[in-house]
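Comments concern the structure below.
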Amino acid sequence: MRHTESDLRKFLTEHGQEPAGREPSAHLGAIVRRGRRIRRTRQALTAAAAVAFAVTAVGLMNGLLIGGQPQATVAQLPVHSAEIKPGPKLPDRFPVVLGAEKFDLNLLHSQRFATVGTAQTVTFTPTSFFTGYKVVCDDPRAWVVTELRLKSGEPGGTAGRCGGSVGGHHDRLSAPSDWLKKRPQSLLVWVFPADAPVREVAEAVTGCRPRMKSKGCDENAQSRALGDPEVRRRLSAMVGEQPGRWAVGIYDRPATAK
Numbered sequence: 125m126r127h128t129e130s131d132l133r134k135f136l137t138e139h140g141q142e143p144a145g146r147e148p149s150a151h152l153g154a155i156v157r158r159g160r161r162i163r164r165t166r167q168a169l170t171a172a173a174a175v176a177f178a179v180t181a182v183g184l185m186n187g188l189l190i191g192g193q194p195q196a197t198v199a200q201l202p203v204h205s206a207e208i209k210p211g212p213k214l215p216d217r218f219p220v221v222l223g224a225e226k227f228d229l230n231l232l233h234s235q236r237f238a239t240v241g242t243a244q245t246v247t248f249t250p251t252s253f254f255t256g257y258k259v260v261c262d263d264p265r266a267w268v269v270t271e272l273r274l275k276s277g278e279p280g281g282t283a284g285r286c287g288g289s290v291g292g293h294h295d296r297l298s299a300p301s302d303w304l305k306k307r308p309q310s311l312l313v314w315v316f317p318a319d320a321p322v323r324e325v326a327e328a329v330t331g332c333r334p335r336m337k338s339k340g341c342d343e344n345a346q347s348r349a350l351g352d353p354e355v356r357r358r359l360s361a362m363v364g365e366q367p368g369r370w371a372v373g374i375y376d377r378p379a380t381a382k
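Using our numbering, read the sequence shown as starting at 125 and increasing by one per residue.
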């Protein structure tokens, strides 16, 4: 129960006169001052206890956040920062052999991708008629199909496993006459997982007929079947887009070496 100061004064006034023979009652002012001191002391103790509780709570929370050990809080790096890995590396140069002539093409343009199963368009501006390209994959056994405009103007390219995926125009005679005039140029690339059902789709669409060195529907026959747009369309629909890192590099001579 709480009493105000006026209640205290009233009580002391009524009971301040003690019966004869006893010690005189304490002076009213002294009693009031003593009551105020007791009240201030209690308030200070209450505030100190609240502060101590808050500090203890913060310490406990910090301990919980860092595994229950009472140590200083430190800034932490993102969880996935150490998990980031570089993608497949493209070579800096592309070697070309034309009869007795040997030379290297420099890396002109590159693009990286994180999914496989769908076509990707790589756009670039050639600097000579000797343009080449190379595809590299995290999985060298992935299937790769490329399509580039040929001298006749018709599309053509390569198909096979990623480990040997190279091509391009390596001289003036194999490149379209407007190769340097009609810019930019583009390269279409399909990358499929190594276990994609290439044989199943090839047999359904083309029969996967053997040719030359092929023995039945082997990898040579499957690679040739991947040149059929319908085979690629059905294979993309079956595989769908899924994770898989790869990169393509476009290589060329300097603009002065046309």
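Cβ atoms here follow ideal geometry from the backbone N, Cα and C, with glycine treated the same way.
| Asked | Found |
| --- | --- |
| Three-way DSSP call (helix, strand, coil) for G288 in this model | helix |
| Same chain only: Cβ atoms within 7 Å of L232, ignoring 5 sequence neighbours per side | F248, T251, I374, Y375 and D376 |
| For A318, the three-state DSSP class (helix, strand or coil) | coil |
| Which of helix, strand or coil DSSP assigns to A243 | strand |
| Simplified DSSP state of L304, which is helix, strand or coil | coil |
| V269 versus V329: straight-line alpha-carbon distance, rounded | 17 Å |
| L359 classed as buried or exposed, judged by whether at least 16 other C-beta atoms fall within 10 angstroms | buried |
| Residue from V221, L312, A243 and F227 with nearest C-alpha to P378 | F227 |
| Which listed residue (A318, V322, G364 and A361) has its alpha carbon closest to that of G351 | V322 |
| The stretch 300-313 contacting the stretch 342-356, beta-carbon criterion three pairs below 8 Å | no |
| Continuous alpha helix (DSSP H) stretch holding L359: start and end | P353 to V363 |
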